[in-house]
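J.:
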Amino acid sequence: MKTILLVGNPNVGKSVIFSRLTGIKVIASNYPGTTVGFTKGEMKLGDEKVLLIDVPGSYTLEPTCKAEEVACAMLKQGDLIINVVDATNLERHLYLTLQLLAQKKPMIVALNFWDETKHRGIKIDAQKLEEILQVPVVPTTAVSGEGLNTLLSRIKEARVPDKDPKASSELWQEVGAITAQVQTITHRHHTFWDRLNEATVHPIFGLFIGVGIMYLVFRLIRFISETLINFLLDPFFNHIYAPILLKLSSVLRPNSFFHNILIGQLFAGRIDFVQSMGVLTTGIYVEFGMVLPYLFSFYLLLSVLEDIGYLPRLAIQVDTLFHRIGLHGYSIIPMFLGMGCNVPGILATRILETRRERFIAATLISIGIPCAALQAMIIGLVGEKGGNYVAIVYLTLFLVWLCLGLILNLLVKGFSPDLVIEMPPYRLPRFNLLFKKLWIRIMGFLIEAAPIVLAGVFVVNLLYNFKIFDFVTELTAPVITKLFGLPKTAIVAILIGFLRKDVAVALLGPLNLSAKQLVVASTVLAIFFPCIATFTVLIKELGVKDTIKSTILMLATSLIVGSLLNLVL
Amino acid sequence: MKLLPLTKLEAHQTGIIKEIQGGRGRVARLNALGLIPGKKITKVSAMMMRGPVVVRLDNTEIALGFGMANSIIVEVK
């Protein structure tokens, strides 16, 4: 099968084009570095089936970070290149175009963001550009799909141009000459977005706006998720789902083997969704009644911030702080993604340039950044004892994250380079793209997490039923009871944390812990071993040796923090 | 006419890039973003405490860490 590559600078809309052409849903955002691995998909080209690859964005063919390395390695495998160019920024993007032309592969150019050129006062003579480059040039607007049919129909005209590789300075001269011939720019007035941009990159206002936005986002996440829980999910679970389960309960008979596993314990003849611990009661409720609403509102707001293009502005505001922990400001993006799920967060560390930064960032994510599922459970369970206890957990995690960062910055050899980011222009989010992205993320969660949660509760019930935990509990009792001040039974929860953190917190529910014990247990759960999915990705991204180092840090930190919290509170 | 590192420019001041100091890797990286000698560059803002500098170059806005910005020498009036 013929392989076609989508190649271009970061944030030119390659993923949107890929999604449109193949029908495969992929995540696209308004900041450089959304795609860090490559996605393949089949598409029809006339009668022929071809393989389309969405290559991570690269500014140059001499790679400067891991995502660019992936891009350059991919280039060798392609039969044809679709070079996606940002028409509002022709000069900058033509540099890569000229480098690609010397690759001796048939090529076609998509001039994307064509709709934006008009209100930016930019005029490009596409015909003339085509003559100069000696390959087809097609104006496109990927978000609306305009021009993509023309792009497809002209792929067969893609040609190998007669160009030889040149040195960088010569290339830039050529770029300058071409742009002068094909582009005219007329003056335009400042728009609302320009002013917003000025304010958000201002050293003082920008900081206030940043703090304000973050506060607003966290309030909104709680507001949306709690509204969903109180007005939609809890009524459903209590009035519709519970009666059905009670019928099932009377059929199975309380205290029978299957009843214990599926329904769990009844409290005064009723189901308690947090404490019953059956696969169908607590198992289902934890995922759909507690975690899902929180995850939904988190990803909704993250997607809005991503698509507007705010995250890189936030990155420059936190840059100075991040330098203290051996990273630069752009690491805020992996950290943010990690708050949804640690796995994409750790994958996103590929946008960082050095191995040192990736090690520090990945370790900090797995120790100090609680994922949405874990946060939902912490807010749900610890929150019942009072908001200040939730605050203690978050503050502790932040301090751990900061202190560990400071220490790692001193201990890990090498240096961390400065930040260099192209700021995407502010854009109004497109609702269809936004909801598609939300859908991908939620479905990804349901498909991957829900079965593990249900299986987890099942296995735990099975092990309880056969009293297998008693042995492990005795073995680890000294640490749990003496250092952490937790009851022996909490060990099961902490061990299950390896499977998934949300199930683990759920297991704490029926233990009747005091507020202090809940705080200690959920903090230890967050820091201690990553869940199995995160662990797998850590090994893949960092290698076995660094993962072991990272894991030792996690165990040590959780021991210290758990004991300290127990002493202090 | 005088030569200044980007960090010493006032906000909204415009100049012409004269030189990019530093190793081959740094120069290549900045070049690829369009930062090349001879280009017109405008400083948009600078964050406090030796934070990043935001510049405008044609239609692109780029944020550069303090060290990076310091290595870009600009000619201003």
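Those sequence lines, one after another, are chains A and B. Quick note: the first sequence uses our numbering, first residue 43, plus one each step. Quick note: the second sequence uses our numbering, first residue 1322, plus one each step. Yeah, the Cβ is synthetic: ideal placement off N, Cα and C, and Gly gets one too. As the structure is a prediction and not an experimental result, all values here were calculated from the model.
Does chain B have any CB closer than 8 Å to the CB of threonine 323 of chain A?
T.: Taking the first sequence and counting its residues from 1, one reaches residue 323 of chain A at position 281. Not closer than 8 Å to any Cβ of chain B, the Cβ of threonine 323 of chain A fails to qualify, so no.
J.: Apart from the five residues on each side of it in sequence, which residues of its chain come closer than 8 Å, Cβ to Cβ, to valine 54 of chain A?
T.: Mapped onto the first sequence, residue 54 of chain A falls at position 12. Non-local C-beta neighbours of valine 54 of chain A in its own chain, meaning closer than 8 Å and more than five positions away in sequence, comprise Gly99, Val126, Val127, Asp128, His135, Asn154, Phe155, ordered along the chain.
J.: Consult DSSP for aspartate 128 of chain A and reduce its assignment to one of helix, strand or coil.
T.: In the first sequence, residue 128 of chain A corresponds to position 86, counting from 1. It is a strand residue.
J.: Flag valine 1456 of chain B as yes if its beta-carbon sits less than 8 Å from any beta-carbon of chain A, otherwise no.
T.: What the structure shows of chain B is the stretch from 1322 to 1398, and residue 1456 of chain B is not part of that stretch, so it cannot be assessed.
J.: Assuming the contact rule is C-beta atoms closer than 8 Å, asparagine 72 of chain A and proline 466 of chain A should be a hit. Round their C-beta distance to whole Å, please.
T.: Counting from one through the first sequence, the residue named residue 72 of chain A turns up at place 30. Counting from one through the first sequence, the residue named residue 466 of chain A turns up at place 424. Confirmed, Cβ separation roughly 5 Å.
J.: Exposed or buried, what is arginine 237 of chain A when buried is set at 16 or more other beta-carbons lying within 10 Å of its beta-carbon?
T.: Position 195 of the first sequence, counted from the start, is the residue given in the question as residue 237 of chain A. Exposed, since its Cβ has fewer than 16 Cβ neighbours within 10 Å.
J.: So asparagine 608 of chain A is in the alpha helix (DSSP H); what residue range does that whole segment cover?
T.: The residue labelled residue 608 of chain A in the question sits at position 566 within the first sequence. Where asparagine 608 of chain A is concerned, the enclosing alpha helix (DSSP H) stretches over 586-610.
J.: Here's the rule I'm using: 16 or more other beta-carbon atoms within 10 Å means buried, otherwise exposed. How should glutamine 176 of chain A be labelled?
T.: Numbered from its first residue, the first sequence carries residue 176 of chain A at position 134. Exposed.
J.: Under a three-way DSSP split, which group does valine 1376 of chain B fall into?
T.: Position 55 of the second sequence, counted from the start, is the residue given in the question as residue 1376 of chain B. Strand.
J.: By the DSSP assignment, the alpha helix (DSSP H) with leucine 555 of chain A in it spans what residues?
T.: For this step, residue 555 of chain A is matched to residue 513 along the first sequence. Premise fails: leucine 555 of chain A is in no alpha helix (DSSP H) and is neither H nor E.
J.: Count the other CB atoms, across all protein chains shown, that sit within 10 Å of the CB of lysine 479 of chain A; report buried if there are 16 or more and exposed otherwise.
T.: Taking the first residue of the first sequence as position 1, residue 479 of chain A is located at position 437. Buried, since its Cβ has 16 or more Cβ neighbours within 10 Å.
J.: Return yes when the Cβ of cysteine 114 of chain A is within less than 8 Å of the Cβ of leucine 394 of chain A, no when it is not.
T.: If you number the first sequence from 1, residue 394 of chain A lands on position 352. If you number the first sequence from 1, residue 114 of chain A lands on position 72. No, these two residues do not count as a Cβ contact at 8 Å.
J.: Would you say proline 245 of chain A faces chain B, with C-beta separation under 8 Å as the test?
T.: On the first sequence, residue 245 of chain A is found 203 positions in, with the first residue counted as 1. Answer yes: the Cβ-Cβ gap between proline 245 of chain A and chain B drops below 8 Å somewhere.
J.: Does the ligand MN have a heavy atom nearer than 7 Å to the CB of threonine 324 of chain A?
T.: With respect to the ligand MN, the structure offers nothing, as it holds no ligand at all.
J.: In angstroms with no decimal places, state the Cα-to-Cα distance between valine 534 of chain A and phenylalanine 513 of chain A.
T.: As a first step, residue 534 of chain A must be located in the first sequence, where it is residue number 492. As a first step, residue 513 of chain A must be located in the first sequence, where it is residue number 471. Distance between the alpha carbons of valine 534 of chain A and phenylalanine 513 of chain A is about 11 Å.
J.: Can you list, in chain order, the residues of the region 368-379 of chain A whose Cβ is nearer than 8 Å to any Cβ on chain B?
T.: His370, Gly371
J.: The region 1349-1367 of chain B: which residues have C-beta closer than 8 Å to a C-beta of chain A, in chain order?
T.: So the list reads Ala1349, Arg1350, Leu1351, Asn1352, Ala1353, Leu1354, Gly1355, Ile1357, Val1365, Ser1366, Ala1367, given in the order they occur along the chain.
J.: Using beta-carbon positions only, say whether glycine 604 of chain A and leucine 525 of chain A come within less than 8 Å of one another.
T.: Numbered from its first residue, the first sequence carries residue 604 of chain A at position 562. Numbered from its first residue, the first sequence carries residue 525 of chain A at position 483. Contact flag set, yes.
J.: With distance defined between alpha-carbon atoms, name the residue in A:Phe540, A:Lys170, A:Ile536 nearest to glycine 551 of chain A.
T.: Within the first sequence, numbered from 1, the residue matching residue 551 of chain A stands at position 509. Among A:Phe540, A:Lys170, A:Ile536, the Cα nearest to that of glycine 551 of chain A is on A:Ile536.
J.: Roughly how far, in whole angstroms, is the beta-carbon of alanine 200 of chain A from the beta-carbon of proline 181 of chain A, given that I think they are within contact range, below 8 Å?
T.: Position 158 of the first sequence, counted from the first residue, corresponds to residue 200 of chain A. Position 139 of the first sequence, counted from the first residue, corresponds to residue 181 of chain A. That belief does not hold up - the Cβ atoms of alanine 200 of chain A and proline 181 of chain A are roughly 16 Å apart, past 8 Å.
J.: I want to see whether chain B comes within less than 8 Å of serine 210 of chain A, judged by CB atoms only; does it?
T.: Taking the first sequence and counting its residues from 1, the one referred to as residue 210 of chain A is at position 168. By the rule that beta-carbons nearer than 8 Å mark a contact, serine 210 of chain A touches chain B.
J.: Report the CB separation of leucine 461 of chain A from alanine 1332 of chain B in whole angstroms; it is logged as a contact under 8 Å.
T.: For the purposes of this step, residue 461 of chain A is taken as the residue at position 419 of the first sequence. For the purposes of this step, residue 1332 of chain B is taken as the residue at position 11 of the second sequence. Contact flag wrong, Cβ pair sits at about 19 Å.
J.: Using a cut-off of 9 Å between C-beta atoms, extract the partners of leucine 1385 of chain B located in chain A.
T.: Here residue 1385 of chain B refers to the residue found at position 64 of the second sequence. Going along chain A in sequence order, the residues near leucine 1385 of chain B (Cβ under 9 Å) are Asp460, Leu461, Val462, Ile463.
J.: Under a Cβ-count criterion, where at least 16 other Cβ atoms within 10 Å of its own Cβ denotes burial, should glutamine 119 of chain A be classed as buried or exposed?
T.: Position 77 of the first sequence, counting from 1, holds the residue named residue 119 of chain A. Exposed, by the Cβ-count rule.
J.: Exposed or buried, which one is serine 211 of chain A when buried takes at least 16 other CB atoms within 10 Å?
T.: Taking the first residue of the first sequence as 1, we reach residue 211 of chain A at position 169. The residue in question, serine 211 of chain A, is exposed, as its Cβ has fewer than 16 Cβ neighbours within 10 Å.
J.: Could you check how far apart the C-beta atoms of isoleucine 367 of chain A and isoleucine 402 of chain A are, in whole angstroms? I think they sit under 8 Å.
T.: Stepping through the first sequence from its first residue, residue 367 of chain A is reached at position 325. Stepping through the first sequence from its first residue, residue 402 of chain A is reached at position 360. Between isoleucine 402 of chain A and isoleucine 367 of chain A the Cβ distance is about 7 Å, and since that is below 8 Å, they are a contact.
J.: Step through the CB atoms of chain B and report whether any lies within less than 8 Å of the CB of threonine 183 of chain A.
T.: If you number the first sequence from 1, residue 183 of chain A lands on position 141. No, its Cβ sits nowhere closer than 8 Å to a Cβ of chain B.
J.: With DSSP collapsed to three states, give me the class of glutamate 1331 of chain B.
T.: Here residue 1331 of chain B refers to the residue found at position 10 of the second sequence. In the structure shown, glutamate 1331 of chain B sits in coil (DSSP, three-state: anything other than H, G, I, E or B).
J.: Please list the partners that glycine 1336 of chain B has in chain A, where partner means a Cβ-to-Cβ separation under 9 Å.
T.: The residue labelled residue 1336 of chain B in the question sits at position 15 within the second sequence. Within chain A, no residue comes near glycine 1336 of chain B; the closest Cβ sits about 18 Å away, beyond 9 Å.
J.: At the level of alpha carbons, what is the spacing between valine 547 of chain A and phenylalanine 338 of chain A?
T.: Translated into the one-based positions of the first sequence, residue 547 of chain A becomes position 505. Translated into the one-based positions of the first sequence, residue 338 of chain A becomes position 296. Approximately 19 Å, taken between the alpha carbons.
J.: Using a beta-carbon distance cut-off of less than 8 Å, what residues from the region 111-137 of chain A approach chain B?
T.: Thr130, Asn131, Glu133, Arg134, Tyr137
J.: Which residue comes first and which comes last in the beta strand (DSSP E) that contains asparagine 154 of chain A?
T.: Looking up residue 154 of chain A in the first sequence gives position 112. Segment 149-154, the beta strand (DSSP E) holding asparagine 154 of chain A.
J.: Taking only runs of the beta strand (DSSP E) that begin and end inside the region 402-474 of chain A, which ones reach a length of at least 3 residues, in chain order?
T.: 462-465
J.: Is there a C-beta anywhere in chain B that falls below 8 Å from the one on aspartate 361 of chain A?
T.: Here the question's residue 361 of chain A lines up with position 319 in the first sequence. Yes, contact with chain B.
J.: Could you tell me if histidine 281 of chain A is buried or exposed, where buried requires 16 or more neighbouring beta carbons within 10 angstroms of its beta carbon?
T.: Within the first sequence, residue 281 of chain A is the residue found at index 239, counting from 1. Exposed.
J.: Would you mind sorting methionine 222 of chain A into buried or exposed? The rule is 16 or more other CB atoms within 10 Å of its CB.
T.: Mapped onto the first sequence, residue 222 of chain A falls at position 180. Per the sequence shown, residue 222 of chain A should be read as alanine rather than methionine. Per the 10 Å Cβ criterion, exposed.
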